[in-house]
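Peer 1: In the UniProt record's numbering, the protein residues as written are 1 to 654. Note that beta-carbon positions come from the ideal geometry of N, C-alpha and C, so glycine has one too.
(1) Sorted by chain position, which residues of the same chain lie with C-beta nearer than 6 Å to residue 377's C-beta, five sequence neighbours on each side aside?
(2) Can you say whether residue 99 is buried or exposed, counting buried as having 16 or more other CB atoms within 10 angstroms of its CB?
(3) Is the beta carbon of residue 242 less than 9 Å from the beta carbon of residue 223?
(4) Provide the residue(s) that pair with residue 648 in DSSP beta bridges, ordered along the chain.
(5) Just how far apart, CA to CA, sit residue 50 and residue 184?
(6) Residues in its own chain within less than 7 Å of residue 557 by CB, not counting five upstream and five downstream?
(7) Is it the case that the segment 117-131 contacts the segment 149-156, given that we only count it when at least three CB pairs across the two stretches are under 8 Å?
(8) Report, in whole angstroms, the separation of the C-beta atoms of residue 323 and residue 347, which I expect to be a contact under 8 Å.
(9) Any idea which residues DSSP pairs residue 534 with across the strands?
(10) So residue 151 packs on residue 53, CB below 8 Å; how close in whole Å?
(11) Relative to the C-alpha of residue 326, which residue among 179, 303, 313 and 140 is closest?
(12) Give the secondary structure of residue 469 by DSSP, where H, G and I count as helix, E and B as strand, and everything else as coil.
(13) Are residue 72 and residue 88 close, meaning C-beta to C-beta below 9 Å?
(14) For residue 253, I'd like the list of residues in its chain whose CB is within less than 6 Å of its CB, leaving aside the five on either flank, ordered along the chain.
(15) Tell me the start and end of each unbroken beta strand (DSSP E) in the segment 227-313 that is at least 3 residues and wholly inside, in chain order.
(16) If you count every other CB in all the chains shown that lies within 10 Å of the CB of residue 413, and 16 or more means buried, which is it?
(17) Give the DSSP-derived three-state secondary structure of residue 131 in the structure shown.
(18) Please list, in chain order, all residues of the same chain as residue 374 whose beta carbon is under 6 Å from its beta carbon, the five residues on each side excluded.
(19) Going along the chain, which unbroken runs of the alpha helix (DSSP H) with 4 or more residues stay wholly within the segment 123-208?
(20) Let me know the secondary structure DSSP gives residue 44 once reduced to three states.
(21) My guess is that residue 22 and residue 56 are in contact by the Cβ rule of under 8 Å, so how many angstroms apart are they, rounded?
(22) Who are the Cβ neighbours of residue 606 in its own chain at under 8 Å, not counting the five residues just before and after it?
(23) Out of curiosity, what's the CA-to-CA distance linking residue 339 and residue 397?
(24) Rounded to whole angstroms, what's the CA-CA distance from residue 281 to residue 235? Just pull it up for me.
(25) Which whole-angstrom value describes the C-beta separation of residue 366 and residue 395, a residue pair presumed to lie in contact below a C-beta threshold of 8 Å?
(26) So, under 8 Å CB-CB, residue 567 and residue 529 are touching, yes? Tell me the CB distance rounded to an integer number of Å.
(27) Closest to residue 358 by CA distance: which of 392, 308 and 400 is it?
(28) Flag this pair as yes or no: are the beta carbons of residue 247 and residue 216 separated by less than 9 Å?
(29) Tell me whether the beta-carbon of residue 497 lies closer than 9 Å to the beta-carbon of residue 463.
(30) Give the straight-line distance between the Cα atoms of residue 19 and residue 10, rounded to the nearest whole angstrom.
(31) Residue 170: buried (16+ other C-beta within 10 angstroms of its C-beta) or exposed?
(32) Please report the distance separating the alpha-carbon of residue 595 from that of residue 495.
(33) Between which two residues does the alpha helix (DSSP H) harbouring residue 16 extend?
(34) Would you tell me roughly how many angstroms separate the C-alpha atoms of residue 630 and residue 563, rounded to the nearest one?
(35) Let me confirm a value: residue 126 is counted as buried when at least 16 other C-beta atoms fall within 10 Å, else exposed. Which label applies?
(36) Restricting to Cα atoms, I'd like to know which of 63, 37, 36 and 86 is closest to residue 46.
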């Protein structure tokens, strides 16, 4: 067998120094102590990261010396003592972080941990203390996570502009440490044998619910469900057993278990803070009694497709901060009074009552919910009466914490008359749906107005993602070329769309560096009337071989990585020489592709390397039903596509 060696002295010191000193100036005395400590780490990266992370929070020479001479001196570093060394870092954690770390024992090894959910678990257990009223508990909890991460307790932490979708993992040795320090208080129960052995002192378990009747403890505070496959055994008897025996539960996660009914007796779990019933597709309603659980902070109902309504008197859940109903496609309305839940930080979906038959909440109930963050999807907007007034009352411009806003007019299959909105003021009312400029993602679906897009769109300079889909009636949409942060643009099913830009290619786009400066992904799908990117043409459309006349030096996407064009007969558009990931062309013109491939004739020097040629770094190339594609020319250029991993071409007439 090959024995892995530790890091070299130089690499070990580089890693240690980066973490332990961060941005601080390096004192020579600290360097001396640090290198002595590093000798005990055996070149093991996990140990170095963890020890250095602990020292980064110690600011005096005395603290560093004490760590070296006392705690570390008691451990002789060898293969069997790594866990003991890691425990040193745990021992130096503040008490609140010790609780938070030990709780992670509930996740199986190598499990991808959803950070926001983990923080909500911590909050439900009372581990997170609100010392600063200006910060929400969730913000404070995320600071806890960052502290633990900086000390080396987590790894594989993703990078996102928003932490809502953030995930991480724990090293197996860190998981062993969490299991060790959690002791008998936490357990993963995945067999009859373990279920019968877990003692009464256990407070937190991950378990197959069918085994719960074997569990002896009565003071359970957490029950999580991590199924390997869908479990069909969540029957009424198990529900009754849980409710009768575990009255101290604070966290109950029972997602994807296929049960149809929630018993009314669930209200007896009066200490419950977190309830996740997501992925139970057959639930149609929740018992009214659920509104008696006044300590409830998070109610997750995502992917409950058949759920038709939320309980009336939901306003009684005065501590509710998270109401997740994403992909609850069966919801017909929102209950009146939901606007009184002013502590809400998540309301993933708001459904307008189509005809008022359910006496549901109207958009004005969103007015005071200005702590909302994350995702907000508003559906059935085409059915709003007095749209201008109601849209303004939603007060979206004050919701500064929203990351994603989804505005959906009518579902596919609804009448083509635009639903119940007979005011014919879509063009005016969209102005009144103006969101806060902090917004990162905007989705607009099914807006049938002939009017132009609202003036506020160009002011949303923080937008990273825009997605627009039909059916719709408009023939032109903004090009979004000047939005500095826009990385992803998707235009789908706009069957009447003719162009993206009101100018000519040499029009008012400004300097090249200001033309889609951050766009990485572009999708244009099923826009059969879109023949040109620009309304006005300043070129001879027949001169398809001329790559200079259309101004390719300026009219090209500077950093586009992925492009998909399907059923859009585009003969002229900005070129895409920087593409390095995926190109997919179906039922569209071959002209922009040929112009892009030929850009090197005029824009690169003879000494240019192959890697600098247009499309040479492309990984996936798919063309289908493309007319006028010169296969001989394609053969010539494919020689330079040195990064290509997937190549598909089919049904191209030439």
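Peer 2: On the basis of the supplied data:
(1) Position 377 of the chain shown, counting from 1, holds the residue named residue 377. Once the five neighbours on either side are set aside, the close Cβ partners of residue 377 are 349 and 406.
(2) Working through the chain shown from its first residue, we reach residue 99 at position 99. Buried, by the Cβ-count rule.
(3) Position 242 of the chain shown, counting from 1, holds the residue named residue 242. Position 223 of the chain shown, counting from 1, holds the residue named residue 223. In this structure, residue 223 lies closer than 9 Å to residue 242 by Cβ.
(4) Within the chain shown, residue 648 is the residue found at index 648, counting from 1. Partner(s): 622.
(5) What you label residue 50 is simply residue 50 of the chain shown in a count that begins at 1. What you label residue 184 is simply residue 184 of the chain shown in a count that begins at 1. Between residue 50 and residue 184, the C-alpha separation is close to 25 Å.
(6) The sequence position of residue 557 within the chain shown is 557, counting from 1. Only 516, 519, 574, 576 and 578 meet the Cβ criterion.
(7) no
(8) As a working mapping, residue 323 is identified with position 323 in the chain shown. As a working mapping, residue 347 is identified with position 347 in the chain shown. With a Cβ gap of about 5 Å, residue 323 and residue 347 count as contacting.
(9) In the chain shown, the residue the question calls residue 534 occupies position 534. Per DSSP, 501.
(10) For the purposes of this step, residue 151 is identified with residue 151 of the chain shown, where counting begins at 1. For the purposes of this step, residue 53 is identified with residue 53 of the chain shown, where counting begins at 1. The Cβ separation is near 3 Å, so the contact holds.
(11) Position 326 of the chain shown, counted from the start, is the residue given in the question as residue 326. Its Cα nearest to that of residue 326, the residue 303 stands out among 179, 303, 313 and 140.
(12) Counting from 1 along the chain shown, the entry for residue 469 is found at position 469. Strand, per DSSP.
(13) Walking along the chain shown from the start, residue 72 turns up at place 72. Walking along the chain shown from the start, residue 88 turns up at place 88. Yes, the pair counts as a contact, with Cβ atoms nearer than the cut-off.
(14) As a first step, residue 253 is located in the chain shown; it is residue number 253 there, counting from the start. Within the same chain, residue 253 has close Cβ partners 224, 225 and 276.
(15) 251-253, 274-276 and 298-300
(16) Here residue 413 refers to the residue found at position 413 of the chain shown. Below a pLDDT of 50, predicted positions are generally treated as unreliable, and residue 413, at 47, falls in that range; no measurement from the model is reported.
(17) If you number the chain shown from 1, residue 131 lands on position 131. Coil.
(18) Reading the chain shown from its first residue, position 374 is the one you call residue 374. Excluding residues within five positions, the ones whose Cβ falls inside 6 Å are 164, 346 and 403.
(19) 137-150, 172-182 and 192-197
(20) On the chain shown, residue 44 is found 44 positions in, with the first residue counted as 1. It is coil, neither helix nor strand.
(21) Residue numbering aside, residue 22 sits at position 22 when the chain shown is read from its first letter. Residue numbering aside, residue 56 sits at position 56 when the chain shown is read from its first letter. Contact between residue 22 and residue 56 holds, since their C-beta atoms are separated by about 6 Å, short of 8 Å.
(22) By one-based count along the chain shown, residue 606 stands at place 606. For residue 606, the predicted model reports a pLDDT of 41, less than 50, meaning its position is unreliable; a value from the coordinates is still stated below. Correct list: empty, nothing qualifies.
(23) Taking the first residue of the chain shown as position 1, residue 339 is located at position 339. Taking the first residue of the chain shown as position 1, residue 397 is located at position 397. Each residue's alpha carbon lies about 16 Å from the other.
(24) Against the chain shown, residue 281 aligns to sequence position 281. Against the chain shown, residue 235 aligns to sequence position 235. Taking the straight line from one Cα to the other gives about 15 Å.
(25) Looking up residue 366 in the chain shown gives position 366. Looking up residue 395 in the chain shown gives position 395. Sure, about 6 Å apart at Cβ, within 8 Å.
(26) Residue mapping note: residue 567 aligns to position 567 of the chain shown, counting from 1. Residue mapping note: residue 529 aligns to position 529 of the chain shown, counting from 1. With a Cβ gap of about 10 Å, residue 567 and residue 529 do not count as contacting.
(27) As a working mapping, residue 358 is identified with position 358 in the chain shown. Looking at the Cα atoms, 308 is the closest of the given residues.
(28) Against the chain shown, residue 247 aligns to sequence position 247. Against the chain shown, residue 216 aligns to sequence position 216. Going by C-beta atoms, residue 247 is not nearer than 9 Å to residue 216.
(29) Along the chain shown, one-based indexing puts residue 497 at 497. Along the chain shown, one-based indexing puts residue 463 at 463. Contact: no.
(30) If you number the chain shown from 1, residue 19 lands on position 19. If you number the chain shown from 1, residue 10 lands on position 10. C-alpha separation (whole angstroms): 14 Å.
(31) As a position in the chain shown, residue 170 is number 170, starting the count at 1. With 16 or more other Cβ atoms within 10 Å, it is buried.
(32) Here residue 595 corresponds to residue number 595 of the chain shown, with the count starting at 1. Here residue 495 corresponds to residue number 495 of the chain shown, with the count starting at 1. Their Cα atoms are separated by approximately 26 Å.
(33) If you number the chain shown from 1, residue 16 lands on position 16. Looking at the DSSP string, the run of the alpha helix (DSSP H) that includes residue 16 is 9-21.
(34) By 1-based counting over the chain shown, the position of residue 630 is 630. By 1-based counting over the chain shown, the position of residue 563 is 563. About 20 Å.
(35) Position 126 of the chain shown holds residue 126. With fewer than 16 other Cβ atoms within 10 Å, it is exposed.
(36) The residue given as residue 46 occupies position 46 in the chain shown. Nearest of 63, 37, 36 and 86 to residue 46, Cα basis: 86.
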